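Asker: Handing you this structure, nothing more for now.
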Amino acid sequence: MRALRAMTWVELKLFVREPLTVMFVLVLPLVVLYVLNGVFGSQPDPTVWEGLSPIDFYTSAYVALVAATAGVLSLPVHLAGYREQGVLRRFRASAVRPAALVGAHMTVTVVIATVGAVLLSVLSVVVYDAALPEDWLGVVAAYLVTAVAFAALGALLGFLLPTARAAQGLGVLLFFVFMMLGGAGPPKEVLPTALSRVADGLPVTYASDLVRGPWMGQGWDGTALLVLVVMLVACVGLTAWRLRRETEG
Amino acid sequence: MVLAVEVEGLRKEYGRTVAVADVSFTVEPGEIFGLLGPNGSGKTTTVECVQGLRRADAGRIRVLGLDPATDATRLRRLVGSQLQDSALPDRLRVGEALELFAAISPHGPPWRHLLEEWGLADQRRTAFADLSGGQRQRLFVALALVSDPRLVVLDEMTTGLDPAARRVAWNLVEAVRDRGTTVVLVTHFMDEAHRLCDRVAVLSRGRVLATGTPAALIAAHQPETVVRFTAPPDADVSFLRGVGGVRDVARVDGTGVLVRGSGPLLARVGHALVERGLEPEDLAGSVPSLEDAYLALTGGAAEDGAA
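Listed in order, the protein sequences are those of chains P and X.
Number 84 in my numbering belongs to position 84 of the first sequence; there are no gaps in the numbering.
Here my numbering = 1-based position in the second sequence + 249.
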């Protein structure tokens, strides 16, 4: 437990010293939110955004996007880099259990994503007049499921990808796909059928739906919850399997 | 008393490459044990198996009475490691690294004294990426010692250190041993092995060629002492063949004389020369070194392949 705490504290400091990931997770969504609000304003349009006001729609979409970005962009780069450089070996030779290392990385990812998500939500509500959550507890729970599920996906990617460069490449690609098609970009209703199908396959789409439900007082989206929980369990299981294989090398 | 390390019939292959064919040795508690050998002789693979970082294909390993394959977690709390080819996160600072490694040790030992001991006090706030090669190396050794381990494995500890820093490192390793910690030292510096190791094993192509104290290895594998001096070409030096321990007397380049043999050759040859009225000013002897014995053992050939 002390190991996990110490690792988490160190990893948190290391994360803050990494300007690129701070940019992507904390700053970029704010900038995009500003641009989108400028473009779409806050007038509801019955043909798109499920009939919601654009700012309400995008706020939950961006909360989900921030959690997804922290998971797939920053975490895999760190972990893959650790293996590539020999940091993982260094920790493994000491009494650090791989689970503590993964746990520390996931915790840091969730913490950073939460800072980003809160920052974004506050800005949306205060500056752009987004609606306050109808069901606060539901929003927090939905958000945490999302953040932990994407952190688990990131941990898995970090152990599967061979190098930090590969992780960064895939992470940036996923970030843009998530942003453009996962509900945080053009409304799904105007996407061509093919892209709309891709969007339906993205976990981040379900994450926005999951957060939006309690936020707008529409209740929980069962399908979205199922998709994210399955992703979480699968990623944790595969990561554990991968770790066990690695230690037997 | 439980042996610090027991390795018997260790074998490890990477695909078709046999990194370690058959290695056996034991390390007594409280000694500095050296693993010597050319690159690719299997030294690093051997210590990685000992530390439970790799699983042996065959053979029996016990470290402080534990099996590294099944008791790795318990073992790692008792063993300090300085690994080849390892690193820390680029932006992690020296002080933070020591603090972290202290925090993950079972009893959370003090770590600040290591900054002074290993000459890192001025780098406390320096990021790992900004350290010089020598500073990184010293940090890794300090990290290996932070948990106050019973056994410490140092893999090429002084590679990248300048001569003065190497000597400081040697003194510290001796101090570590004198506190009761067993040290396994992997090195290809023969002067380092000779100076530090109580016993060494010489590896080549994944096998142990010889084990023993440096002095015993020299005596067994390179017992020859050489004495050189110059004498006028017409001076008769053949009487030296009758001196005790001399095996061979040869003329080199006209004026040079080369005497080969064993035992305290320099004193005996000097005495014999003075008795005959010869007093060469450049009389000099060279005692065989561990390096000579090592080269005789390994055939002086460099090996390549997985280290």
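All C-beta atoms, glycine included, are put in the ideal place defined by N, C-alpha and C.
As the structure is a computational prediction, the values presented were derived from the model and not from experiment.
Classify Gly365 of chain X as helix, strand or coil using the three-state DSSP reduction.
Answerer: By 1-based counting over the second sequence, the position of residue 365 of chain X is 116. It should be noted that the sequence gives Glu, not Gly, for residue 365 of chain X. The answer is helix: DSSP assigns Glu365 of chain X an H, G or I state.
Asker: Leaving out the 5 sequence neighbours to the left and right, which residues in its chain are closer than 7 Å to Ala391 of chain X when beta-carbon positions are compared?
Answerer: Within the second sequence, residue 391 of chain X is the residue found at index 142, counting from 1. Correct list, in chain order: Leu347, Leu363, Trp367, Leu369.
Asker: Express the C-alpha separation of Gly383 of chain X and Pro412 of chain X in angstroms, rounding to a whole number.
Answerer: Taking the first residue of the second sequence as position 1, residue 412 of chain X is located at position 163. Taking the first residue of the second sequence as position 1, residue 383 of chain X is located at position 134. Cα to Cα, the separation comes out at about 11 Å.
Asker: Less than 8 Å between C-beta atoms, sequence neighbours within five positions excluded: which residues of the same chain meet that for Gly193 of chain X?
Answerer: Past the boundaries of the shown model lies residue 193 of chain X; chain X is included only from 250 to 556, so the question cannot be answered.
Asker: Is the number of C-beta pairs between the region 144–153 of chain P and the region 106–117 of chain P that are closer than 8 Å three or more?
Answerer: Enough Cβ pairs lie closer than 8 Å, so yes.
Asker: Tell me the DSSP secondary structure of Ala61 of chain P in three-state form.
Answerer: Locating residue 61 of chain P in the first sequence gives position 61, counting from the first residue. Here Ala61 of chain P sits in helix by DSSP.
Asker: When you check each C-beta in the region 363–382 of chain X against every C-beta of chain P, which residues fall closer than 7 Å?
Answerer: Per Cβ criterion, the list is empty.
Asker: Leaving aside the five residues before and after Thr59 of chain P along the sequence, list all residues of the same chain whose C-beta is less than 6 Å from its C-beta, in chain order.
Answerer: Here residue 59 of chain P is taken as the residue at index 59 of the first sequence, counted from 1. Only Ser124, Ala130 meet the Cβ criterion.
Asker: I want to verify the contact list: residues of chain P whose CB lies under 8 Å from the CB of Ile310 of chain X, in sequence order.
Answerer: Along the second sequence, one-based indexing puts residue 310 of chain X at 61. By Cβ distance, chain P contributes nothing, its closest Cβ being about 15 Å from Ile310 of chain X, past 8 Å.
Asker: Leu403 of chain X lies in the beta strand (DSSP E); which residues open and close that run?
Answerer: Translated into the one-based positions of the second sequence, residue 403 of chain X becomes position 154. Start and end: 400–404.
Asker: I'd like to know whether the C-beta atoms of Leu26 of chain P and Gly116 of chain P end up nearer to each other than 7 Å.
Answerer: Within the first sequence, numbered from 1, the residue matching residue 26 of chain P stands at position 26. Within the first sequence, numbered from 1, the residue matching residue 116 of chain P stands at position 116. Yes, the Cβ-Cβ distance between Leu26 of chain P and Gly116 of chain P is below 7 Å.
Asker: In the DSSP output, what is Leu259 of chain X paired with across the bridge?
Answerer: In the second sequence, residue 259 of chain X corresponds to position 10, counting from 1. BP columns for Leu259 of chain X point to X:Val272.
Asker: Closest Cβ-Cβ distance between Gln218 of chain P and chain X: below 7 Å?
Answerer: In the first sequence, counting from the first residue as 1, residue 218 of chain P sits at position 218. No, Gln218 of chain P does not count as interfacial toward chain X.
Asker: Measuring CB atoms only, is the region 96–104 of chain P touching the region 329–342 of chain X, in the sense that at least three cross pairs come out at less than 8 Å?
Answerer: The region 96–104 of chain P, when compared against the region 329–342 of chain X, does not touch it at the 8 Å Cβ threshold.
Asker: Taking Ala95 of chain P as the query, report the chain X residues whose CB atoms sit under 8 Å from its CB, ordered along the chain.
Answerer: In the first sequence, counting from the first residue as 1, residue 95 of chain P sits at position 95. Chain X residues near Ala95 of chain P: Thr322, Arg325, Arg326, Ile353, Ser354, Pro355, Ser396.
Asker: With a threshold of 16 other CB atoms inside 10 Å of the CB of Asp541 of chain X, please say whether the residue is buried or exposed.
Answerer: Stepping through the second sequence from its first residue, residue 541 of chain X is reached at position 292. By the neighbour-count rule (16 or more Cβ atoms within 10 Å), Asp541 of chain X is buried.
Asker: I'd like to know whether the C-beta of Gly554 of chain X is nearer than 7 Å to at least one C-beta of chain P.
Answerer: Residue numbering aside, residue 554 of chain X sits at position 305 when the second sequence is read from its first letter. Interpretation of Gly554 of chain X is limited by its pLDDT of 44, a score under 50 that renders its predicted location unreliable; no figure is taken from the coordinates.
Asker: Would you verify that the beta carbon of Gln168 of chain P is, or is not, closer than 7 Å to some beta carbon of chain X?
Answerer: Working through the first sequence from its first residue, we reach residue 168 of chain P at position 168. With 7 Å as the cut-off, Gln168 of chain P does not count as an interface residue toward chain X.
Asker: List, in chain order, every chain X residue whose beta-carbon is nearer than 8 Å to that of Gly86 of chain P.
Answerer: Numbered from 1 along the first sequence, position 86 holds the residue referred to as residue 86 of chain P. The contacting residues are Leu332, Asp334, Ser335, Ala336.
Asker: Which of the three DSSP states, helix, strand or coil, is assigned to Ala305 of chain X?
Answerer: Sequence index remark: in the second sequence, residue 305 of chain X carries index 56 (1-based). Three-state DSSP puts Ala305 of chain X in coil, outside helix and strand.
Asker: Closer than 7 Å by beta-carbon distance: list the chain X residues that pair up with Leu14 of chain P, in chain order.
Answerer: Stepping through the first sequence from its first residue, residue 14 of chain P is reached at position 14. Here the neighbours are Pro338, Arg340, Leu341.
Asker: Would you mind stating whether Glu255 of chain X and Arg311 of chain X have Cβ atoms separated by less than 7 Å?
Answerer: The residue labelled residue 255 of chain X in the question sits at position 6 within the second sequence. The residue labelled residue 311 of chain X in the question sits at position 62 within the second sequence. Taking 7 Å as the Cβ cut-off, Glu255 of chain X and Arg311 of chain X qualify as a contacting pair.
Asker: What residues in the region 124–136 of chain P have a beta carbon less than 9 Å from any beta carbon of chain X?
Answerer: Correct list: empty, as no residue qualifies.
Asker: Which word fits Glu189 of chain P, buried or exposed, when buried means at least 16 other C-beta atoms lie within 10 angstroms of its C-beta?
Answerer: For the purposes of this step, residue 189 of chain P is taken as residue 189 along the first sequence, with counting starting at 1. Classification for Glu189 of chain P: exposed.
Asker: Hey, how far is the Cα of Arg244 of chain P from the Cα of Pro98 of chain P?
Answerer: The residue you call residue 244 of chain P lines up with position 244 of the first sequence. The residue you call residue 98 of chain P lines up with position 98 of the first sequence. So the two alpha carbons sit approximately 9 Å from each other.
Asker: Which ranges does the beta strand (DSSP E) cover as unbroken runs of at least 3 residues, wholly within the region 374–460 of chain X, from first to last along the chain?
Answerer: 400–404, 431–436, 448–453, all fully within the region 374–460 of chain X.
Asker: Going by beta-carbon coordinates alone, are Thr293 of chain X and Asp404 of chain X separated by less than 7 Å?
Answerer: By one-based count along the second sequence, residue 293 of chain X stands at place 44. By one-based count along the second sequence, residue 404 of chain X stands at place 155. Yes, the pair counts as a contact, with Cβ atoms nearer than the cut-off.
Asker: Quick check for students: name the residue ranges of the beta strand (DSSP E) that lie wholly in the region 284–364 of chain X, counting only runs of 3 or more.
Answerer: The qualifying runs are 307–312, 328–331.
Asker: In terms of alpha-carbon separation, which member of X:Pro398, X:Asp427, X:Arg387 lies closest to Arg415 of chain X?
Answerer: Here residue 415 of chain X refers to the residue found at position 166 when the second sequence is read from its first residue. Looking at the Cα atoms, X:Arg387 is the closest of the given residues.
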